[in-house]
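Taken in sequence, the protein lines are chains A and B. Take the position in the first sequence, starting the count at 1, then add 26; the result is the number in the working numbering. Take the position in the second sequence, starting the count at 1, then add 26; the result is the number in the working numbering. Written below as structure tokens is the structure these notes are about.
2 protein chains.
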Amino acid sequence: MNWKARLLKMDGLDPVFDDAGGLQWGTLADAAPDAELVFLGMLDGKPCFAPVPDGNETGPPFANPRMWNAMGMLSAADLASYGGARSLVDWHMRHRFCARCGSPTQLAKGGWQRDCGACNAQHFPRTDPVTIMLVEHEGRLLLGRQPRFPARMYSALAGFVEPGETIEEAVAREVHEEAGLRVRDVRYIASQPWPFPSQLMIGCYSVADDDQLTIDKTELDDARWFTREELEAARAAGKEGTDTLLFPQSFAIAHTLVTWWMNKE
Amino acid sequence: MNWKARLLKMDGLDPVFDDAGGLQWGTLADAAPDAELVFLGMLDGKPCFAPVPDGNETGPPFANPRMWNAMGMLSAADLASYGGARSLVDWHMRHRFCARCGSPTQLAKGGWQRDCGACNAQHFPRTDPVTIMLVEHEGRLLLGRQPRFPARMYSALAGFVEPGETIEEAVAREVHEEAGLRVRDVRYIASQPWPFPSQLMIGCYSVADDDQLTIDKTELDDARWFTREELEAARAAGKEGTDTLLFPQSFAIAHTLVTWWMNKE
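What follows is the structure in structure tokens.
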């Protein structure tokens, strides 16, 4: 009955490429007999699965340089398939036990749930809402860089939404904590899933009344104001960037947001 | 040093009222010596804490009728304090063990983290993004009712954002799954935290091209189209509602969204 099903090939949590540079797929026969399988959905009329690797070493919760390169090579459709699969598989690897009672859990509902046989708790894949925000002051845009970013790369500030907050409150708190600015007129622009490990990036725009930065150096290496001309030059310079700025890559929501800002008005 | 600190009184996870109908606060001396304390933030210049109750019985993940009554009595400020506290405390109760290795975890960072001493995993409070959406077709609004709702109560459809989805994709998927409709022009309206147990409600508006409903009876008891006049009559009728509709209560984001729709144009 499974002859049409496809199995996503993964190297741990990393993608595996076929000869044409797309994601490599196999059949269910490629999975280990005792492998936990996650149902990813239907693609081209075929049910697709991904195997949960052994162990619970998932690596750090951000994309390493190798992953950034790999993501730049995948089509948008492949990136969506891979991202969803990676989020789910990573979650399973880190949730083999019940957080409520400590007993082992079992995969259920095609991998969209784990059940505890001891206390009957049900556990569901986690998606963490993160705000990522443009801050404008008099025609300039605030971007910052985290210490692990490649040289000259600046992006939009970002941070997790905390329990008890609205999206708009989270934006204002993050900008104040990281850059010391008060913002107003917070406005939703776009959203995007981000699979490191499983975030919902909620992209917003906001306005600061002044441009005096107080940078939180535990979070940011640097933050500064960019003119539209600087951003346009960096985007035009592509992957090499300019002397002062590497523009965010096209698969990152920061690219969408900054481009939206450059095109507005 | 703690003489100014305040401790939120809770009955399990339920609020405790003072004589004026507000939240009841005590001092740290009221906490059991071995109680885990969660730092809620500063309120009126005083640090505020909530104790994590013993055990791991947190009840079902929605507000029961007693809670709906209680929430209707609290001011907006008290509701925000209580909601944030309840989300955090509930998370601690359900995360006393490490999901990665099964060992006991310890509260850290004032209750905004739990650490595993065995495998060194760090665990953070969970916030689940949920889309809640208005669907319009030619001047009428789609609302639905879950089986556990009080009689005549209808509200906006809602569902969790899944790994790998945008907000807009989640809205379209949920409306199709629950009501059989295809929607377009999805637009963000407002967000609100919801502490049962810890959701970020992301309120959206969308447009359906037809009005033929196919209701998923495992999710919904009923769903139907309402005219602006029906909604206005129900809102004007207050807590009693009309013969056909109880309008969503003011502390629910559905109230904000439906009111936004009634006022638009």
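Don't be surprised by glycine CBs; every beta carbon is placed ideally from N, CA and C.
- The beta carbon of R120/B sits closer than 8 Å to some beta carbon of chain A.
- From the listed residues L169/B, T270/B and P221/B, the smallest Cα separation to I241/B is found for L169/B.
- Going by beta carbons, G109/A and G190/B fall inside the 8 Å limit.
- Judged by their CB atoms, L271/B and E258/B are not nearer to each other than the 8 Å cut-off.
- DSSP places H163/B outside any alpha helix (DSSP H); the residue lies instead in the beta strand (DSSP E), whose first and last residues are D154 to H163.
- When the beta-carbon positions are compared, V161/B and S276/B stay at least 8 Å from each other.
- Secondary structure of Y231/A (DSSP, three-state): strand.
- Under a criterion of Cβ atoms nearer than 7 Å, no residue of chain B is adjacent to Q139/A; the nearest Cβ is some 12 Å distant.
- Within the segment 192-280 of chain B, the runs of beta strand (DSSP E) at least 3 residues long that lie entirely inside it are, in chain order, 209-220, 225-234 and 248-253.
- For R32/B, the uninterrupted beta strand (DSSP E) run begins and ends at R32 to L34, by DSSP.
- The beta carbons of I228/A and T153/A sit about 11 Å from each other, so the pair does not count as a contact at 8 Å.
- Contact annotation for Y214/A against chain B: Y214 [CB-CB distance below 8 Å, chain order].
- Interface annotation, E191/A: in contact with chain B, CB-CB separation under 8 Å.
- Between the segment 73-80 of chain A and the segment 28-41 of chain A there are three or more inter-stretch CB-CB distances shorter than 8 Å, so the stretches are counted as touching.
- Residue-level contact by beta carbon holds for R152/A and chain B, with a gap shorter than 8 Å.
- Sequence-distant partners of W220/B (beyond 5 residues in either direction) whose C-beta falls short of 6 Å from its own C-beta, in its chain, are M227.
- Neighbours of Q132/B in chain A, taken as residues whose beta carbon is under 7 Å from its own, are absent, since the nearest beta carbon is some 13 Å off.
- When the five nearest sequence neighbours on each side are left out, the beta carbons in the same chain lying within less than 7 Å of the beta carbon of W51/A are those of R32, L33, L34 and K35, in order along the chain.
- Straight-line measurement puts the Cα of R166/B at about 38 Å from the Cα of L114/A.
- Note on T282/A: 16 or more other CB atoms within 10 angstroms of its CB, so buried under the neighbour-count rule.
- DSSP links S181/B through a beta bridge to G170/B.
- Between R174/B and F88/B, the C-beta spacing is below 8 Å.
- The three-state reading of DSSP puts P176/B in coil, since its state is none of H, G, I, E or B.
- With the criterion set as a beta carbon lying under 8 Å from some beta carbon of chain A, the members of the segment 220-244 of chain B are P221, S224, L226 and I228, in sequence order.
- Across the segment 167-199 of chain A, CB contacts with chain B closer than 8 Å involve F186, V187, E188, P189, G190, E191, T192, I193 and E194, in sequence order along the chain.
- When C-beta atoms of the segment 200-209 of chain A are compared with those of the segment 119-137 of chain A, fewer than three pairs fall below 8 Å, so the two segments do not count as touching.
- In this structure, the alpha-carbon of A260/A lies about 5 Å from that of T268/A.
- Residue state for G98/A is assigned as helix, using DSSP reduced to three classes.
- Remark: C-beta atoms of L49/A and P41/A approach each other more closely than 8 Å.
- In the three-state scheme derived from DSSP, where H, G and I count as helix and E and B as strand, K290/A is classed as coil.
- Counting other Cβ atoms within 10 Å of its Cβ, Q238/B stays below 16 and is therefore classed as exposed.
- For the segment 37-82 of chain A, the full-length beta strand (DSSP E) segments reaching 3 residues or more read 63-69 and 72-77 along the chain.
- In the three-state reduction of the DSSP assignment, A134/A falls in the strand class, which pools E and B.
- DSSP places C124/A outside any beta strand (DSSP E), giving it a letter other than H or E.
- The alpha-carbon of Q132/A is positioned some 38 Å away from that of R199/A.
- CA-CA distance, R126/B to D141/A, rounds to 14 Å.
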